[in-house]
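In my numbering, the protein residues as written are 62 to 390. Notes for the one structure printed next.
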Amino acid sequence: MWNSLTKYHPRIGYTLMPSVKSRIPWETGGYLVRTNAAGFRSDHEFVKERATGKFRAILFGDSQTAGDGSSNGERYSDVVANIVPNFEVFNYALPATGTDQHYLTYLDCADVDHDLLIIGIHVENIVRVAYRFRPYLDASGNEVIYAKPFFSIERGDLVLNHVPVPKAPLTRATISAADAPHVEWGVPYAGLRNVVKKLGMRDLMQKLTRFQPVPDYDSPDNERWLLLRKILETWIRGSKAPVLLFLIPMWPFIEGSSDPASYRARFRELADDTGCYLHDPLADLWKYSADERRSFRFKLDSHLSPKGHQAMAKSLAATIERIVAEDRR
62 MWNSLTKYHP RIGYTLMPSV KSRIPWETGG YLVRTNAAGF RSDHEFVKER ATGKFRAILF
122 GDSQTAGDGS SNGERYSDVV ANIVPNFEVF NYALPATGTD QHYLTYLDCA DVDHDLLIIG
182 IHVENIVRVA YRFRPYLDAS GNEVIYAKPF FSIERGDLVL NHVPVPKAPL TRATISAADA
242 PHVEWGVPYA GLRNVVKKLG MRDLMQKLTR FQPVPDYDSP DNERWLLLRK ILETWIRGSK
302 APVLLFLIPM WPFIEGSSDP ASYRARFREL ADDTGCYLHD PLADLWKYSA DERRSFRFKL
362 DSHLSPKGHQ AMAKSLAATI ERIVAEDRR
């Protein structure tokens, strides 16, 4: 399982074990994971110098970008590298992490030449960056709670906390009353939503109620949005290479049961203010039929399926090609 492939990192929380090859059990029967010497999923090493004639991007994100459920070559990063000529991607994504940890991964691990920085933003991460602890299942299937690094904004500046990241796991019984509110326990009303899902009424209920899974995007002054924005703004302005924000929608937005207007507005404002590139794949994804869009995730799990990665890659490729063309003028 994933927890047997991770190792402690004092600032990020964890990275993957270097130079391993393992088959991970999955609803499809399993998928193959290979890591390189740097401790990231890749079939090749992350060499510092670019090859002549190659345009190189470095990519960061969570499990949707890391490719949980899919083998390395099936991920959108690998697929888009096969679509765009003379283009390569170094994928630094880590499962079960937030944008705060992605920024730290960039600072600590991405000392390679690159022409483009791509930040894969699963829009759910506005919630994840607000928490200081996250529950996981250990090798025996028991819940354990691990600390994560987190940022706060103090006097207008980002301040990093929980570093070095505490190693010792906690449980619901041992976590302090002060820390318990800062655990990412899960989606609100998850129990009710699971009942609705089992009855086969989830999509209908979401459409009828206009369910909004991430209401923190509704206001530009929301505290969680201001924190996520500050992390991204600091990252973008500190990058020597052009930056592309790649938005990865949640399924209620892809499948049409929720309104994406709020989060799209917030990221458009950020892109306009910082001058970075922004790619939003929703318009392309909505061109597929409802059945096709449903096949973009697994039957039991919410991660992108290989078909979903292909659709994401096809959408992203057009923007990548435009950026490469601009760079070569």
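Glycine included, every Cβ here is placed at the ideal spot set by N, Cα and C. All of these numbers come straight from a predicted model, not from anything done at the bench.
With residue i as the anchor, note down where its beta strand (DSSP E) starts and where it stops.
i: T67; result: 67–70
i: Y92; result: 92–95
i: K228; result: From DSSP, K228 is part of no beta strand (DSSP E); its letter is neither H nor E.
i: K291; result: Looking at the DSSP string, K291 is not in any beta strand (DSSP E); the run it does join, the alpha helix (DSSP H), is 284–299.
In angstroms with no decimal places, state the Cα-to-Cα distance between residue i and residue j.
i: V141; j: S237; result: 45 Å
i: V304; j: D176; result: 9 Å
i: R165; j: T335; result: According to the sequence as given, residue 165 is Leu; it is not Arg. Computed Cα separation, rounded: 20 Å.
i: E387; j: K109; result: 23 Å
i: A326; j: P210; result: 28 Å
i: V173; j: R111; result: 8 Å
i: M262; j: W312; result: Only weak support is given to the placement of M262: the predicted model assigns it a pLDDT of 48, under 50, and the question is left unresolved by the model.
i: K138; j: P86; result: Looking at the sequence shown, residue 138 is not Lys but Ser. Their Cα atoms are separated by approximately 22 Å.
i: I182; j: S201; result: 31 Å
i: K68; j: F272; result: 38 Å
i: A302; j: I206; result: 36 Å
i: H70; j: V145; result: 34 Å
i: T235; j: A229; result: 11 Å
i: N152; j: D341; result: 19 Å
i: Q267; j: N147; result: Note that Q267 scores 48 on pLDDT, short of 50, meaning its location in the model is unreliable and no value can be drawn from it.
i: D282; j: H364; result: 30 Å
Would you list the one or two residues that DSSP bridges to residue i?
i: E204; result: L198
i: A118; result: V150, L177
i: E215; result: D218
i: R389; result: Answer by DSSP bridge pairing: none, since R389 is not bridged.
i: K82; result: R95
i: F307; result: G181, H340
i: T76; result: K68
i: R102; result: T96
I believe residue i touches residue j by the beta-carbon criterion, under 8 Å. Please report the beta-carbon distance rounded to the nearest angstrom.
i: L293; j: T158; result: Wrong, their Cβ atoms sit about 15 Å apart, outside the cutoff.
i: S83; j: A98; result: Rounded, the Cβ-Cβ distance is 16 Å, inconsistent with contact.
i: I180; j: L306; result: 5 Å
i: N203; j: L289; result: Their Cβ separation, rounded to whole angstroms, is 31 Å, which puts N203 and L289 out of contact at 8 Å.
i: L308; j: F328; result: 6 Å
Any Cβ of chain D within less than 8 Å of the Cβ of residue i?
i: W286; result: Here there is only one protein chain, and chain D is not present.
Give the range of the alpha helix (DSSP H) segment to which residue i is assigned.
i: H243; result: Per DSSP, H243 belongs to no alpha helix (DSSP H) and is neither H nor E.
*Kindly provide the ranges of any alpha helix (DSSP H) runs that are 4 or more residues long and lie completely inside the segment 323–385, ordered along the chain.*
Qualifying alpha helix (DSSP H) stretches, in chain order: 343–346, 351–355.
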